[in-house]
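So the structure is just underneath, and the comments pick up after that.
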Amino acid sequence: MSDPTPRLEIRNLRRAYGGRQVVDEVSLQILPGQVTCLLGPSGCGKSTTLRMIAGVEMQDSGTIHVDGKLICDTMFRVPPERREIGLMFQDFALFPHLSVADNVGFGLKKGTREEKRARIEELLERVDLLRYIDG
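Residue numbering for the sequence shown follows the working numbering, beginning at 185 and increasing consecutively.
If you want it as structure tokens, here you go:
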């Protein structure tokens, strides 16, 4: 049996700002079903790496592959909206005074109260967070 194709593979990503190297030759593979976390001190390039993977920022060099297909190098680039990759920040995007349900439903403009609640439940179920809905 052959090795599975990585869901995500980045090879030798580099990014500099004003001559300061922020991401320097970062490579990784994430296999199907694998959970991965980027850890490091503030300013070490975690968010920059994630922004390059999502396509909202371009790398100076290196490649990004999804399911074995090239989605970005320095010449070719799949636009962010066609990558099917989400980017969520850990802070500053939630309202601490609102419940989980109210945070998720904040952007829902259409529908009755019941329809919105059903949509919120559906979304939280997708990411296995339904148990926190009223927290």
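By construction, the Cβ of each residue, glycine as well, lies at the ideal position given by its N, Cα and C atoms.
query: The stretch 199–215 / the stretch 259–269 touching (three or more Cβ pairs under 8 Å); result: no
query: Proximity winner among Arg267, Leu254 and Gly291, relative to Thr189 (alpha-carbon distances); result: Leu254
query: Spatial distance of His281 from Ser245 (CA atoms); result: 42 Å
query: Under 8 Å between C-beta atoms of Thr247 and Val207; result: no
query: Straight-line gap, Ile304 to Met272 (C-alpha atoms, nearest Å); result: 17 Å
query: Minimum length 3: unbroken beta strand (DSSP E) runs contained in the stretch 233–285; result: 245–250 and 253–256
query: Other residues of its chain near Leu292: CB distance less than 7 Å, five sequence neighbours each side excluded; result: Lys300 and Arg303
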